[in-house]
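J.: The sequence shown: position 17 = 16 (numbering that gives the first Met the number 0), numbered continuously.
First the structure, which I've put down as structure tokens, then a few questions once you've had a look.
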Amino acid sequence: MTLIPRTGVDALKFLGIGLARFSNIFLEVFRASRSFRVGLVIFAVMIMLGVGVSSFSPFDPRRWYLVPPNRPPGLEFLLGTTTNGQDVFWLLTWSIKNSLIIGLITAMVASHIGLILGMLAGARGGLADRMLMILTDSFVVIPSLPTLILLAVLLRDVMTIPLMGLIISIFSWPWPSRQVRAMVLSLRERDFIATSIFSGYGVMGRVFRDYLPFIIPWHLVNLTNTVLFAISSEAALAVIGVSILSEATLGVMIYWALNYSALFRGLWWWLISPVITIILVFVSLFLISKGISDYSNPRLRWQARG
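Printed below as a string of structure tokens:
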């Protein structure tokens, strides 16, 4: 009797199992890792500033000359004002929101493309594996920063915050794809994969049932790293003047502060505010990533419990 691979209903079933495992991992890491908790709190504050506080801005902080220029931090203007007559505090909250949007779009698109292609290449093997790896290697060898600069210049007239995130995604998925493929190829040698094949599970059934639970912890780490890459890439583009200068991002704030020589003119708050914010975002995501990495390492997990 030939067993028919169960791919449709089982795929949905094991997707639910994968989501449940995602929730369990989050709760276990939160309880076990202090660095994860600290990073999560800092990142939650950044989200609250960017998503919550920014919506209460009394005016559009991107517009110029709405407040007196060059005012130092004080009770009236918490983080001072810029030479362009912008309130740095409200501008910063708006910038956090847009930078996080870019980072999250890139992470959700690039990480999941890499996850899907890597698992399919490793699970199917053969011609599909070779074709997907040729595609992946083609993107790996492309120099990302010069190409990003070129695309940002060519698309400047139509550039938006979501489009910036999608463009950065183009160069963020190949390495995750290769890493996922390597993990799947390693898992294929395990005995339980042979058991799944003999039990009648098809490729998609094995992907959701057998491979995904092992890859989820690594995937969570990759999501945080991709957010870091996206925010730093946009900041690099902004500093050299090829990002969306009409919008407010952390990188664009740094660009205008440098453009007006803020430090040399004593307007330190204009430059320091976005720089410290970027550092806090990076530290928070690093701590989150470290907590998940420690959880996924059995030796470190047992040491923490001991």
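Just so it is clear, CB atoms sit at the ideal spot from N, CA and C, and this is done for glycine as well.
All of these numbers come straight from a predicted model, not from anything done at the bench.
Can you round the beta-carbon distance between residue 148 and residue 236 to whole angstroms, since I take them to be within the 8 Å contact cut?
T.: Taking the sequence shown and counting its residues from 1, one reaches residue 148 at position 149. Taking the sequence shown and counting its residues from 1, one reaches residue 236 at position 237. Residue 148 to residue 236, Cβ: 7 Å. Contact.
J.: Which of the three DSSP states, helix, strand or coil, is assigned to residue 209?
T.: Position 210 of the sequence shown, counted from the start, is the residue given in the question as residue 209. Helix at residue 209.
J.: If you drop the 5 nearest sequence neighbours on each side, which residues of the same chain put their C-beta closer than 6 Å to that of residue 106?
T.: By one-based count along the sequence shown, residue 106 stands at place 107. Counting only Cβ-Cβ distances below 6 Å, and skipping sequence neighbours, we find 222, 225 and 226.
J.: Distance check for residue 157 and residue 49, CA to CA, integer angstroms please.
T.: Along the sequence shown, one-based indexing puts residue 49 at 50. Along the sequence shown, one-based indexing puts residue 157 at 158. For residue 49 and residue 157, the distance between alpha carbons rounds to 24 Å.
J.: Just curious, the alpha helix (DSSP H) that residue 286 is in, first and last residue?
T.: Position 287 of the sequence shown holds residue 286. Run containing residue 286: 267-295, per the alpha helix (DSSP H) assignment.
J.: By the DSSP assignment, the alpha helix (DSSP H) with residue 71 in it spans what residues?
T.: Taking the sequence shown and counting its residues from 1, one reaches residue 71 at position 72. From DSSP, residue 71 is part of no alpha helix (DSSP H); its letter is neither H nor E.
J.: DSSP on residue 82, reduced to helix/strand/coil?
T.: Counted from its first residue, the sequence shown places residue 82 at position 83. If DSSP states are grouped into helix, strand and coil, residue 82 belongs with coil.
J.: Residue 137: which of 233, 169 and 234 sits nearest, CA to CA?
T.: In the sequence shown, residue 137 corresponds to position 138, counting from 1. Considering only alpha carbons, the answer is 169.
J.: So, helix, strand or coil for residue 154, using DSSP?
T.: Reading the sequence shown from its first residue, position 155 is the one you call residue 154. Coil at residue 154, not helix or strand.
J.: Given that a residue counts as buried once 16 or more other Cβ atoms are within 10 Å of its Cβ, and exposed if not, what is residue 352?
T.: In the structure displayed, the chain extends from 0 to 305; residue 352 sits before or after that span and is not available.
J.: Taking C-beta to C-beta, are residue 96 and residue 56 nearer than 8 Å?
T.: Translated into positions along the sequence shown, residue 96 becomes position 97. Translated into positions along the sequence shown, residue 56 becomes position 57. Against a cut-off of 8 Å, the Cβ pair of residue 56 and residue 96 comes out as no contact.
J.: Taking only three categories from DSSP, how would you classify residue 3?
T.: By 1-based counting over the sequence shown, the position of residue 3 is 4. Here the model assigns residue 3 a pLDDT of 41, short of 50, so the residue's position is not dependable and the matter cannot be decided.
J.: Give every residue of the same chain whose Cβ lies closer than 6 Å to the Cβ of residue 28, excluding the five residues on either side of it in the sequence, and list them in chain order.
T.: In the sequence shown, counting from the first residue as 1, residue 28 sits at position 29. Cβ neighbours of residue 28 beyond the five flanking positions: 35, 290, 291 and 294.
J.: Pick helix, strand or coil for residue 59, following the three-state DSSP scheme.
T.: Mapped onto the sequence shown, residue 59 falls at position 60. Residue 59 falls in the coil class under three-state DSSP.
J.: Within the continuous alpha helix (DSSP H) that includes residue 259, where are the two ends?
T.: Numbered from its first residue, the sequence shown carries residue 259 at position 260. Per DSSP, residue 259 belongs to no alpha helix (DSSP H) and is neither H nor E.
J.: List the whole-angstrom C-beta distance separating residue 146 from residue 259, where the pair is believed to meet the contact cut-off of C-beta under 8 Å.
T.: The residue you call residue 146 lines up with position 147 of the sequence shown. The residue you call residue 259 lines up with position 260 of the sequence shown. Their Cβ separation, rounded to whole angstroms, is 30 Å, which puts residue 146 and residue 259 out of contact at 8 Å.
J.: Straight-line CA distance for residue 278 to residue 160?
T.: On the sequence shown, position 279 is the one that residue 278 refers to. On the sequence shown, position 161 is the one that residue 160 refers to. The alpha-carbon atoms of residue 278 and residue 160 are separated by roughly 21 Å.
J.: Do residue 91 and residue 272 count as a contact pair if the criterion is CB distance below 8 Å?
T.: The sequence position of residue 272 within the sequence shown is 273, counting from 1. The sequence position of residue 91 within the sequence shown is 92, counting from 1. In this structure, residue 91 lies closer than 8 Å to residue 272 by Cβ.
J.: Between which two residues does the alpha helix (DSSP H) containing residue 88 stretch?
T.: Reading the sequence shown from its first residue, position 89 is the one you call residue 88. Looking at the DSSP string, the run of the alpha helix (DSSP H) that includes residue 88 is 87-123.
J.: Determine the extent of the alpha helix (DSSP H) in which residue 180 is found, giving its start and end residues.
T.: Reading the sequence shown from its first residue, position 181 is the one you call residue 180. 173-186 is the span of the alpha helix (DSSP H), which, as asked, contains residue 180.
J.: For residue 93, which residues in the same chain have their Cβ closer than 6 Å to its Cβ, ignoring the five residues on either side in sequence?
T.: Position 94 of the sequence shown, counted from the first residue, corresponds to residue 93. Contacts found: 53, 60 and 247.
J.: Quick check on DSSP: helix, strand or coil for residue 138?
T.: Along the sequence shown, read from residue 1 onward, the residue named residue 138 stands at position 139. In this structure, residue 138 counts as helix in the three-state DSSP scheme.
J.: I need the straight-line Cα distance from residue 285 to residue 184, nearest angstrom please.
T.: Mapped onto the sequence shown, residue 285 falls at position 286. Mapped onto the sequence shown, residue 184 falls at position 185. Residue 285 and residue 184: Cα-Cα distance of roughly 28 Å.
J.: Going straight from the alpha carbon of residue 242 to that of residue 231, what length do you get?
T.: Taking the sequence shown and counting its residues from 1, the one referred to as residue 242 is at position 243. Taking the sequence shown and counting its residues from 1, the one referred to as residue 231 is at position 232. Between residue 242 and residue 231, the C-alpha separation is close to 12 Å.
J.: Is it the case that the Cβ atoms of residue 179 and residue 244 are separated by a distance below 8 Å?
T.: In the sequence shown, the residue the question calls residue 179 occupies position 180. In the sequence shown, the residue the question calls residue 244 occupies position 245. Not closer than 8 Å, so no.
J.: In whole angstroms, what separates the C-alpha of residue 206 from that of residue 287?
T.: Within the sequence shown, numbered from 1, the residue matching residue 206 stands at position 207. Within the sequence shown, numbered from 1, the residue matching residue 287 stands at position 288. About 26 Å.
J.: Helix, strand or coil for residue 231 per DSSP?
T.: Working through the sequence shown from its first residue, we reach residue 231 at position 232. Three-state result, residue 231: helix.
J.: Between which two residues does the alpha helix (DSSP H) containing residue 247 stretch?
T.: Taking the first residue of the sequence shown as position 1, residue 247 is located at position 248. From DSSP, residue 247 is part of no alpha helix (DSSP H); its letter is neither H nor E.
J.: Thinking just about the alpha-carbon of each residue, which of 25, 67 and 118 is nearest to the one in residue 174?
T.: Numbered from 1 along the sequence shown, position 175 holds the residue referred to as residue 174. Taking only the C-alpha atoms, the option nearest residue 174 is 118.
J.: Can you tell me which of 264, 45 and 25 puts its alpha carbon nearest to the alpha carbon of residue 276?
T.: To locate residue 276, count along the sequence shown from 1; it is residue 277. Per the Cα distances, 45.
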